[in-house]
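Participant:
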Amino acid sequence: MIELGEGARLRRATLDDLDALLAIRRALPMPSPSELSEASPTLADERPQTRRGGFLLGCDAAHYAQLLTLARVWLLELDGEAGGFSVTLDDPVLRASPIWARRDAIAWTDEVDPAQLPARRVAYFDQLAVLPRMRSRYWGAALGLRALAEQIVEHGHDLVLTTTVIAPVHNRAALPYLDQIGARRVGQIDEHYPEVGQIVSAIHMLDAPRYHQRLADLRDDQGPAIARVQQMRRLIRIIDASLDR
1 MIELGEGARL
11 RRATLDDLDA
21 LLAIRRALPM
31 PSPSELSEAS
41 PTLADERPQT
51 RRGGFLLGCD
61 AAHYAQLLTL
71 ARVWLLELDG
81 EAGGFSVTLD
91 DPVLRASPIW
101 ARRDAIAWTD
111 EVDPAQLPAR
121 RVAYFDQLAV
131 LPRMRSRYWG
141 AALGLRALAE
151 QIVEHGHDLV
161 LTTTVIAPVH
171 NRAALPYLDQ
181 IGARRVGQID
191 EHYPEVGQIV
201 SAIHMLDAPR
211 YHQRLADLRD
221 DQGPAIARVQ
231 QMRRLIRIID
241 ASLDR
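Numbering (UniProt numbering), first residue to last: 1 to 245.
(1) Under a three-way DSSP split, which group does L28 fall into?
(2) Nearest to Y138 by CA position, among A13, H212 and L76, is which residue?
(3) Rounding to the nearest angstrom, what Cα-Cα distance links V93 and L70 in this structure?
(4) If you run the structure through DSSP and keep just helix, strand and coil, what is E111?
(5) Kindly indicate the opening and closing residues of the alpha helix (DSSP H) around V169.
(6) Does the distance from the C-beta atom of G84 to that of V130 stay below 7 Å?
(7) Excluding the 5 residues preceding and the 5 following L215 in the sequence, name in chain order all residues of the same chain whose CB lies nearer than 7 Å to its CB.
(8) What residues in its chain sit with their C-beta under 7 Å from that of D244, if we drop five residues either side in the sequence?
(9) How is T69 classed by DSSP in three states: helix, strand or coil?
(10) Taking only the alpha-carbon atoms, compute the straight-line gap between A61 and L18 and give it to the nearest angstrom.
(11) For S37, which three-state DSSP category applies?
(12) Quick check: what's the CA-CA separation for A183 versus R146?
(13) Leaving aside the five residues before and after Y211 along the sequence, list all residues of the same chain whose C-beta is less than 7 Å from its C-beta, in chain order.
(14) Evaluate H63 with the Cβ neighbour count: other Cβ atoms within 10 Å of its Cβ, from every protein chain shown; 16 or more gives buried, anything less gives exposed.
(15) What is the C-beta distance between A123 and D90, in whole angstroms, given that I count them as a contact (C-beta under 8 Å)?
(16) Measure the C-alpha to C-alpha separation of L161 and A167 and round it to an integer number of angstroms.
(17) In terms of residue numbering, what span does the beta strand (DSSP E) encompassing residue 247 cover?
(18) Between R120 and D158, which are expected to be in contact by the criterion C-beta below 8 Å, what is the C-beta distance as a whole number of angstroms?
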């Protein structure tokens, strides 16, 4: 159990939390066609973009039950009510998954040599879901930081990969967070989900040295900071204290 303050906490999720995960999943659907048609593209990106936060694709009850058994799942609670969760896959679990089997379908950028990936310890950040009411105090950031620290600091993974949807709608909800922790976009992949059809996802990669440097920059900067940065520093200290080094 990790107390974040103001009634918020992180804890390990168990099979008893399956209904809570499913409720959060249902609360974060992909925008409907009518919502997409109303979304206004930016000058830099002509695709519709989410305006109310992120969404989740795939994963029925059986799959979430499997994740709760095989993956590392953290639950974010506020006053005892679930408001978010994270799912990450260790290297052995990732290599046994359909995600790893599809790696040859990824259009990698020049900075990644896919032939070298099997020699690295690679984790996968599968899902980060936070309800809108939980976002104002950056508890979702703490949830993501704890999940990453578990994979990089506690379990020694060299890389963490994750994906964000870029078509037919551009899911920008996670991009500021990914940028802050030092993740880079390194490719894209075409995928198919029964409930929405064809989608295109960007592949993002966070390597361990870059993660450690970004966290050190946030942790050790003694200059004046806006409230957002001050809150992030406080949460980083809480996460640091929870780690099994």
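Positions of the beta carbon are idealized from the N, C-alpha and C atoms, including for glycine.
Values in this document were obtained by computation on a predicted structure and should not be read as measured data.
Facilitator: On the basis of the supplied data:
(1) The residue given as residue 28 occupies position 28 in the sequence shown. Look at L28 here: in three-state DSSP terms it is coil, with no helix or strand label.
(2) Here residue 138 refers to the residue found at position 138 when the sequence shown is read from its first residue. Of the candidates A13, H212 and L76, the one whose C-alpha sits nearest the C-alpha of Y138 is L76.
(3) Mapped onto the sequence shown, residue 93 falls at position 93. Mapped onto the sequence shown, residue 70 falls at position 70. So the two alpha carbons sit approximately 7 Å from each other.
(4) Counting from 1 along the sequence shown, the entry for residue 111 is found at position 111. DSSP places E111 in coil when its eight states are reduced to three.
(5) Translated into positions along the sequence shown, residue 169 becomes position 169. That residue, V169, is in no alpha helix (DSSP H); it is neither H nor E in DSSP.
(6) Here residue 84 corresponds to residue number 84 of the sequence shown, with the count starting at 1. Here residue 130 corresponds to residue number 130 of the sequence shown, with the count starting at 1. Contact check for G84 against V130 passes: the beta carbons are separated by less than 7 Å.
(7) Taking the first residue of the sequence shown as 1, we reach residue 215 at position 215. The answer, listed in chain order, is I236.
(8) Here residue 244 refers to the residue found at position 244 when the sequence shown is read from its first residue. So the qualifying residues of the chain are E154.
(9) Here residue 69 corresponds to residue number 69 of the sequence shown, with the count starting at 1. Reduced to three states, the DSSP call for T69 is helix.
(10) Mapped onto the sequence shown, residue 61 falls at position 61. Mapped onto the sequence shown, residue 18 falls at position 18. Between A61 and L18, the alpha-carbon positions lie close to 7 Å from each other.
(11) For the purposes of this step, residue 37 is taken as residue 37 along the sequence shown, with counting starting at 1. Reliability of the predicted coordinates at S37 is poor, the pLDDT of 46 falling under 50, and no value is obtained from them.
(12) For the purposes of this step, residue 183 is identified with residue 183 of the sequence shown, where counting begins at 1. For the purposes of this step, residue 146 is identified with residue 146 of the sequence shown, where counting begins at 1. Here the C-alpha atom of A183 lies approximately 16 Å from the C-alpha atom of R146.
(13) Here the question's residue 211 lines up with position 211 in the sequence shown. In the same chain as Y211, and ignoring 5 residues on each side of it, the C-beta atoms closer than 7 Å to its own belong to L148, I152, I181 and G182, in chain order.
(14) Indexing the sequence shown from 1 puts residue 63 at position 63. Counting Cβ neighbours within 10 Å, H63 comes out exposed, since fewer than 16 surround it.
(15) Translated into the one-based positions of the sequence shown, residue 123 becomes position 123. Translated into the one-based positions of the sequence shown, residue 90 becomes position 90. Indeed they touch by this definition, with Cβ atoms about 6 Å apart.
(16) Taking the sequence shown and counting its residues from 1, one reaches residue 161 at position 161. Taking the sequence shown and counting its residues from 1, one reaches residue 167 at position 167. Distance between the alpha carbons of L161 and A167: 19 Å.
(17) Because the chain in this structure spans residues 1 to 245, residue 247 falls outside the shown range and cannot be described.
(18) Position 120 of the sequence shown holds residue 120. Position 158 of the sequence shown holds residue 158. That belief holds up - the Cβ atoms of R120 and D158 are roughly 4 Å apart, short of 8 Å.
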